[in-house]
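When we follow the numbering used here, the leftmost residue of the sequence shown carries the number 128, and every step to the right adds one. Step one of this worksheet: look at the structure below.
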Amino acid sequence: MDLHDSPEEAAFRDEVREFLAANLPAEPGKAWSAKLRDAGLASITWPVEYGGRGAPWNHQAIVLEEFARSGAPSHANPIALGMAGPTILAHGTEDHKRRYLPKILSAEEIWCQGFSEPGSGSDLASVRTRIEPHDGHFVVNGQKVWSTLAHLADLCILLGRSDPATTRQEGLTYVILDMHAPGVEVRPLRQITGEAEFNEIFFTDVVVPGENLLGEIGGGWRVAMTTLLHERGTLGISLAGILDNQVQRLVALVAERAGADPLVRDRVALEWIELQALKLTNYRSLATLMKTGIPGPEGSISKLHWSEQNQRVTKLAMEILGGKDDGYWGYQQLRSRGNTIEAGTSEILRSIVAERVLGLPRSR
Ligand SMILES: Cc1cc2nc3c(=O)[nH]c(=O)nc-3n(C[C@H](O)[C@H](O)[C@H](O)COP(=O)(O)OP(=O)(O)OC[C@H]3O[C@@H](n4cnc5c(N)ncnc54)[C@H](O)[C@@H]3O)c2cc1C
């Protein structure tokens with residue numbers, strides 16, 4: 128793979144840079160998201176008829192790189208753009224696509240993901256929330272937890288059990304749930320950073336119309352796997368961009384406070400080298416994505432590498448600061464703790480790499 132921009136990629140990169148130069152600084156939120164939609168930059172690989180550009184994945188990578196480089200605020204609908212939308216594109220009906228995708232891009236409707244439960248995280252196939260099929264509708268009862276953005280969400284991609292006689296993948300069903308429906312209660316959870324980004328969701332006899340089914344009754348596992356592959360799909364490229372900024376900040380901090388210390392210099396150089404390795408891994412995943420259109424298990428390598436490196440970088444910065452929070456690194460260190468848990472814990476990702484990338488025998 129040629130790692131330099133082709134003339135066509137360079138022209139597109141210029142277009143993105145010009146847009147950002149003309150529109151920054153921007154406030155995060157729905158107005159910024161709508162502007163991205165109008166510029167055709169919200170989710171450029173989606174088909175034109177649903178508000179995308181039908182652009183190839185290398186263009187998506189350029190958008191992610193340039194947004195990270197410029198520090199532009201993210202779109203307000205990350206779960207919808209990264210997970211719900213691609214899942215609807217893969218498994219939804221034409222009505223689903225026309226009904227949901229345009230409002231994802233404009234952020235008119237915000238989405239959350241209802242997968243994890245108090246007793247089911249890594250072992251997602253054990254979820255117990257009931258999605259009971261009735262004549263023409265479903266009734267949902269149960270509890271989800273750690274649902275990012277649920278306190279702001281209008282819609283939820285929900286995985287639950289339609290057949291209580293089964294305990295694993297077979298009896299699962301996947302629906303789109305209206306977060307404003309009677310019987311939905313959201314309780315925010317306070318994190319170590321002081322923020323409350325994620326929530327518990329309680330469902331009591333929530334009625335979901337039959338047309339909100341994605342895939343088939345009992346076929347929810349296959350749909351959920353699409354969601355999870357996309358969760359880690361192009362994430363790596365955006366994460367590498369964010370980490371690039373983080374390493375640059377670290378280098379500036381080291382230059383200012385500890386530039387002469389050979390041990391610190393050694394550690395910061397190592398982090399820079401690790402960052403280059405992450406970027407190359409991402410380009411390898413991108414090459415697979417360009418060929419197949421489906422994110423491969425290599426995305427797990429990027430997420431694992433990034434989350435563990437980001438923790439090391441923030442730890443080194445705090446050591447250089449003598450443990451005193453300068454208002455930036457303290458927050459970064461606390462927030463980085465959750466990164467090795469969300470979107471698959473480090474242990475689970477190592478197992479995926481061992482089994483699906485290296486082809487080692489299954490552990491269970
Ligand atoms: C910031 C953040 C945001 C999140 N947002 C969402 C969201 O929007 N929607 C959602 O549904 N969920 C969300 N989650 C939940 C996340 O997906 C789960 O926390 C994660 O899957 C781990 O599940 P768990 O917390 O139940 O831990 P467990 O699965 O109970 O794991 C506990 C420990 O055991 C280890 N472990 C478990 N199984 C194995 C195994 N087979 N082999 C080796 N080790 C193992 C794990 O690695 C971990 O160290 C979020 C989590 C965080 C931190």
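All residues carry an ideal CB built from backbone N, CA and C; glycine is no exception.
Between the CA atoms of residue j and residue i - distance to the nearest angstrom
i    : j    : result
T275 : E383 : 37 Å
T220 : V374 : 44 Å
A308 : R144 : 42 Å
V381 : S478 : 35 Å
L228 : I468 : 29 Å
T293 : A148 : 55 Å
R459 : F194 : Reading the sequence as shown, one finds Gln at residue 459 and not Arg. Going by the C-alpha atoms only, they are around 19 Å apart.
R411 : H264 : 43 Å
L251 : E259 : 18 Å
T320 : P205 : 20 Å
P424 : G486 : 11 Å
E297 : W348 : 7 Å
L370 : C283 : 29 Å
Check whether residue i and residue j have beta carbons under 9 Å apart
i    : j    : result
T354 : Q240 : yes
F330 : T415 : no
G248 : L299 : no
R359 : E398 : no
N409 : G198 : no
M445 : G454 : no
G178 : R164 : yes
For residue i, the three-state DSSP class (helix, strand or coil)
i    : result
E322 : coil
L340 : strand
R257 : strand
P315 : strand
F146 : helix
S463 : helix
I421 : coil
W173 : coil
E383 : helix
K451 : coil
I468 : coil
G346 : strand
I237 : coil
G156 : coil
R288 : strand
F194 : helix
Close beta carbons around residue i, own chain, < 8 Å, minus the five adjacent residues each side
i    : result
A323 : H278, P315, L316, R317
L168 : V143, F146, V190
G310 : V267, F330, T331, D332, V333, V334
L448 : L380, R384, W456
Distance cut-off 8 Å: residue i Cβ against heavy atoms of ligand 1
i    : result
W518 : Outside the shown range of the chain, which is 128 to 491, sits residue 518, and nothing can be said about it.
A470 : yes
E324 : yes
S160 : no
K271 : yes
L251 : yes
L248 : In the sequence under discussion, the amino acid at residue 248 is Gly, which differs from the Leu named in the question. G248 Cβ: within cutoff of ligand 1.
T242 : It should be noted that the sequence gives Phe, not Thr, for residue 242. Yes; taking the cut-off as 8 Å, the Cβ of F242 has a heavy atom of ligand 1 nearer than that.
S473 : yes
S490 : yes
I479 : no
G363 : no
I189 : no
I206 : yes
G465 : yes
Residue i beta carbon near ligand 2 (any heavy atom closer than 8 Å)
i    : result
S274 : By its list of ligands, the structure shown excludes ligand 2, since it contains just ligand 1.
Close-in-space but distant-in-sequence residues of the same chain around residue i (CB under 7 Å, 5 per side omitted)
i    : result
A217 : T353
N326 : S274, A277, H278, V313, R314, P315, L316
P245 : Q270, V272
Beta-carbon contacts of residue i that lie in its chain and below 6 Å, excluding the five residues immediately before and after
i    : result
S434 : N466, T467
L366 : W433
Residue-chain proximity (residue i, chain D), Cβ-Cβ < 9 Å
i    : result
E142 : Among the chains of the structure shown, chain D does not appear; only one protein chain is present.
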